[in-house]
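Colleague: In my numbering, the protein residues as written are 27 to 425.
1. Please classify residue 174: does DSSP put it in a helix, a strand, or coil?
2. Under 8 Å, do residue 361 and residue 416 count as touching if we go by C-beta distance?
3. Please go through the same chain and pick out, in chain order, the residues whose beta-carbon is closer than 7 Å to the beta-carbon of residue 116, but skip the five residues on each side of it.
4. Taking 8 Å as the cut-off, decide whether the C-beta atoms of residue 284 and residue 307 are in contact.
5. Measuring straight from C-alpha to C-alpha, what distance separates residue 240 and residue 232?
6. Could you tell me if residue 182 is buried or exposed, where buried requires 16 or more neighbouring beta carbons within 10 angstroms of its beta carbon?
7. Can the beta-carbon of residue 85 be found closer than 8 Å to that of residue 39?
8. By Cβ distance below 7 Å, which residues in the same chain neighbour residue 93 in space, the five residues on each side in sequence not counted?
9. Just list the alpha helix (DSSP H) runs in the segment 360-418, keeping only unbroken ones of 4 residues or longer that don't cross its boundaries, in chain order.
10. Anyone know if the C-beta pair for residue 169 and residue 209 falls short of 8 Å?
11. In three-state DSSP terms, what is residue 56?
12. Taking DSSP as the reference, what is the three-state secondary structure of residue 50?
13. Taking 8 Å as the cut-off, decide whether the C-beta atoms of residue 317 and residue 264 are in contact.
14. Could you check which residue in 350, 260, 404, 375 has the C-alpha nearest to that of residue 291?
15. Could you tell me whether the segment 287-304 touches the segment 338-358, using the rule of 3 or more Cβ pairs below 8 Å?
16. Quick one: measure Cβ to Cβ for residue 402 and residue 330, integer angstroms, because I've assumed they're closer than 8 Å.
17. Hey, would you say residue 69 sits closer than 8 Å to residue 336, going by beta carbons?
18. Where does residue 205 fall in DSSP's three states?
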């Protein structure tokens with residue numbers, strides 16, 4: 027029932043493992059450090075422990091929650107128009123603050139993100155939380171009420187694509203439409219989903235890579251494959267080489283500062299974002315500073331290498347990383363449980379909130395953030411903003 031989400035989790039867990047195997051087999055050298063067969067096997071073990079727990083949890087949950095229970099509502103047309111208005115406003119904001127500079131002034135997307143300052147908080151919420159959430163709501167309305175305007179729905183999808191492209195991040199297009207694809211493929215066979223979604227995803231990402239980087243299709247495809255395998259393993263390779271036995275508690279405890287986020291750390295604890303002290307609060311930035319050739323980009327925040335869930339497990343637990351794998355599998359399984367439960371019951375707001383929490387926070391945790399981000403103050407504020415937006419869409423009458 028949730029085959030697409032299971033495939034995405036599998037991709038996050040195993041693509042870095044493939045990258046490590048490729049580097050070991052071809053004996054390619056990268057600045058992050060040596061890639062050994064031991065590293066490959068430990069990452070494979072970690073990913074497999076996590077994934078097996080997720081699959082077992084999912085198999086148990088689907089016995090009780092195995093359908094989508096949304097029903098038609100008399101106000102669906104009005105609700106869809108609200109979504110259209112909000113999506114248009116959000117696109118205007120993203121294009122004004124990022125898209126114009128990226129497309130017409132040639133400014134690097136990382137520089138744009140860092141240069142937004144306090145507005146970066148709203149910018150992140152828009153394309154990480156708000157746009158996917160609005161797409162989800164529009165899709166479930168169509169799913170339960172085929173009488174709504176398909177023209178309005180199409181416009182919402184188009185403007186969402188434009189918003190995603192305006193960020194300059196290629197994956198944002200696919201990311202934004204994960205909720206849509208999840209609903210449309212809910213009862214589809216996992217093999218059929220793999221055969222359908224994989225080519226579409228590769229075509230979209232290769233095409234956008236070609237447009238952004240100016241490559242031909244063959245070069246763009248090669249760059250993309252390198253990016254989703256080798257480069258997703260880059261940061262974890264750095265952790266393995268510098269902290270094979272894990273970091274000292276006095277060092278790893280600084281990750282607790284990630285509960286507050288960069289701006290609050292600066293205000294509450296006077297930890298300047300561009301300082302060396304700030305690097306200890308963010309593992310991705312710290313490893314970027316240690317292994318990335320352009321180390322100054324770590325201080326500025328323009329570049330962050332990917333430190334996966336496995337990399338954080340090694341950093342925190344060393345050879346006892348399996349403890350972290352068990353926790354990770356249980357947390358992911360619980361998240362899927364609550365999504366399926368609220369889809370089954372047809373609760374539009376709760377299902378949307380759990381889904382966006384999972385996609386925006388849980389999947390990011392697998393890829394590049396820390397376990398503390400799951401309950402960090404910025405994330406809680408983002409979720410509150412998303413919940414208030416949901417109430418406006420479904421509960422508040424503006425006519």
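Here a beta-carbon is modelled for each residue, glycine too, at the ideal position from N, C-alpha and C.
Modeller: So, from the data block:
1. If you number the chain shown from 1, residue 174 lands on position 148. Reduced to three states, the DSSP call for residue 174 is coil.
2. The residue labelled residue 361 in the question sits at position 335 within the chain shown. The residue labelled residue 416 in the question sits at position 390 within the chain shown. Not in contact: residue 361 and residue 416 (Cβ atoms no closer than 8 Å).
3. Your numbering for residue 116 matches position 90 in the chain shown. The answer, listed in chain order, is 152, 156, 157, 189.
4. As a position in the chain shown, residue 284 is number 258, starting the count at 1. As a position in the chain shown, residue 307 is number 281, starting the count at 1. Yes, Cβ-Cβ distance for residue 284 and residue 307 is below 8 Å.
5. Sequence index remark: in the chain shown, residue 240 carries index 214 (1-based). Sequence index remark: in the chain shown, residue 232 carries index 206 (1-based). Cα to Cα, the separation comes out at about 11 Å.
6. Working through the chain shown from its first residue, we reach residue 182 at position 156. Its Cβ being crowded by 16 or more others within 10 Å, residue 182 is buried.
7. Start at 1 with the first residue of the chain shown, and residue 85 comes out as number 59. Start at 1 with the first residue of the chain shown, and residue 39 comes out as number 13. No. Outside cutoff.
8. Locating residue 93 in the chain shown gives position 67, counting from the first residue. Contacts found: 370.
9. 374-383, 389-393
10. As a working note, residue 169 is residue 143 in the chain shown. As a working note, residue 209 is residue 183 in the chain shown. For residue 169 and residue 209, yes; Cβs fall inside 8 Å.
11. Stepping through the chain shown from its first residue, residue 56 is reached at position 30. Reduced to three states, the DSSP call for residue 56 is strand.
12. As a first step, residue 50 must be located in the chain shown, where it is residue number 24. Correct three-state label for residue 50: helix.
13. Your numbering for residue 317 matches position 291 in the chain shown. Your numbering for residue 264 matches position 238 in the chain shown. Between residue 317 and residue 264, the CB-CB gap stays under 8 Å.
14. Position 265 of the chain shown, counting from 1, holds the residue named residue 291. The shortest Cα separation from residue 291 among 350, 260, 404, 375 belongs to 404.
15. no
16. Position 376 of the chain shown, counted from the first residue, corresponds to residue 402. Position 304 of the chain shown, counted from the first residue, corresponds to residue 330. Not confirmed; about 16 Å, so no contact.
17. As a working mapping, residue 69 is identified with position 43 in the chain shown. As a working mapping, residue 336 is identified with position 310 in the chain shown. The answer is yes: Cβ separation under 8 Å.
18. Along the chain shown, read from residue 1 onward, the residue named residue 205 stands at position 179. Note: residue 205 maps to helix in three-state DSSP.
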